[in-house]
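Everything in the sequence shown is counted per full-length UniProt numbering, starting at 1 for the first residue and increasing by one.
Glycine included, C-beta positions come from ideal geometry on N, C-alpha and C.
Please read these numbers as outputs of a predicted model, since none were measured by experiment.
Notes to accompany the following structure.
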Amino acid sequence: MNSDAENSSNTAPTRSSKTAGPSSINAGQSVSKRLQAELMQLMMSSTPGISAFPQDGNLLSWTGTIKGPEDTYYSGLTFKLSLEFPSNYPMSPPTVLFTTPMFHPNVDMAGRICLDILKDKWSAVYNVQSILLSLQSLLGEPNKFVLTTPSKFRLVNYSPYKVIQANKSHSKSPLNGQAAELWDKDPKEYRRLLTLRHQQAED
Numbered sequence: 001m002n003s004d005a006e007n008s009s010n011t012a013p014t015r016s017s018k019t020a021g022p023s024s025i026n027a028g029q030s031v032s033k034r035l036q037a038e039l040m041q042l043m044m045s046s047t048p049g050i051s052a053f054p055q056d057g058n059l060l061s062w063t064g065t066i067k068g069p070e071d072t073y074y075s076g077l078t079f080k081l082s083l084e085f086p087s088n089y090p091m092s093p094p095t096v097l098f099t100t101p102m103f104h105p106n107v108d109m110a111g112r113i114c115l116d117i118l119k120d121k122w123s124a125v126y127n128v129q130s131i132l133l134s135l136q137s138l139l140g141e142p143n144k145f146v147l148t149t150p151s152k153f154r155l156v157n158y159s160p161y162k163v164i165q166a167n168k169s170h171s172k173s174p175l176n177g178q179a180a181e182l183w184d185k186d187p188k189e190y191r192r193l194l195t196l197r198h199q200q201a202e203d
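Here you go:
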């Protein structure tokens, strides 16, 4: 009887693991298929100024590249990013970080990015290409929240839609306050500090 009991207890977990296995494998295959399609789209579109490829063949870990837009502080500079995809992508957004040292109102010193489509505004219709294009656009048009009263922030840019959104986001502030302050106030100093940060990638 003891032998039967042992066999019974050893067999039950095995049945459970076999039940869970295919579901997990199917989910992984779905993510891989989606990312393979996105990689092909990027390679076929040849969108100027952006690119991304898996690291060492790992489809869940990519390296992206963005060239700074013309007529902005970032013109002539190239920036690297890391993109880490969750197991339930595209239902959840990837974790995206600048790996090249960055100086920008919406990027902190660790490379973390404040961009709504990477957070609460994420949708499964977005992809790697749209993420990179949005980040490239962000370089030239940051969301700069400026403290106007102790409890209210005002967004400084040229988009009426974003100004309306700012009025609903009083608790937000720029990730890099110095960059936000210098953006319009002192372009020469902004470019100097940006150049210093970028040079750290070359050292």
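Throw me the rounded Cβ distance for the residue i and residue j pair, which I believe falls under 8 Å.
i: LEU194; j: TYR73; result: 6 Å
i: TRP183; j: PRO101; result: The Cβ separation is near 18 Å, so there is no contact.
Rounding to the nearest angstrom, what Cα-Cα distance links residue i and residue j in this structure?
i: GLY179; j: PRO48; result: First, the amino acid is wrong: residue 179 is Ala here, not Gly. Taking the straight line from one Cα to the other gives about 26 Å.
i: LYS67; j: GLY76; result: 7 Å
i: SER51; j: LYS185; result: 32 Å
i: PHE103; j: GLU181; result: 12 Å
i: GLU189; j: GLY140; result: 17 Å
i: GLY111; j: LEU39; result: 23 Å
i: SER159; j: PRO142; result: Unreliable placement is indicated for SER159, whose pLDDT of 36 sits below 50; the coordinate value is still reported in the next sentence. Each residue's alpha carbon lies about 11 Å from the other.
i: MET43; j: LEU60; result: 17 Å
i: THR63; j: PHE79; result: 10 Å
i: VAL125; j: ALA201; result: 33 Å
i: SER32; j: ILE131; result: 18 Å
i: GLN41; j: PHE98; result: 22 Å
i: ALA37; j: ILE113; result: 25 Å
i: ASP71; j: TRP122; result: 29 Å
i: LYS119; j: ASN58; result: 23 Å
i: THR175; j: SER30; result: In the sequence as displayed, the identity of residue 175 is Leu instead of Thr. If you take the alpha carbons of LEU175 and SER30, they lie about 35 Å apart.
i: PHE85; j: SER173; result: 27 Å
i: ARG191; j: PRO69; result: 14 Å
i: MET91; j: ASP116; result: 15 Å
i: TYR89; j: GLN136; result: 22 Å
i: LEU81; j: VAL128; result: 12 Å
i: SER46; j: LEU133; result: 12 Å
i: PRO54; j: GLY177; result: 33 Å
i: GLN199; j: ASP56; result: 26 Å
Look up residue i in the DSSP assignment and say whether it is helix, strand or coil.
i: THR72; result: coil
i: GLY28; result: helix
i: THR195; result: helix
i: LEU83; result: strand
Check for me: the alpha helix (DSSP H) holding residue i runs from which residue to which?
i: TRP183; result: 177–185
i: GLY140; result: 128–140
At a cut-off of 7 Å, is residue i close to the ligand ADP when judged by its beta-carbon and the heavy atoms of the ligand?
i: SER130; result: Only the bare structure without any ligand can be found here, which leaves the ligand ADP out of the picture.
What residue range is occupied by the uninterrupted beta strand (DSSP E) comprising residue i?
i: ASN58; result: 58–67
i: LEU97; result: 95–98
According to DSSP, which residues form a beta bridge with residue i?
i: GLN55; result: ASN58
i: ARG112; result: LEU97
i: ILE50; result: ILE66
i: VAL107; result: HIS104 and ILE113
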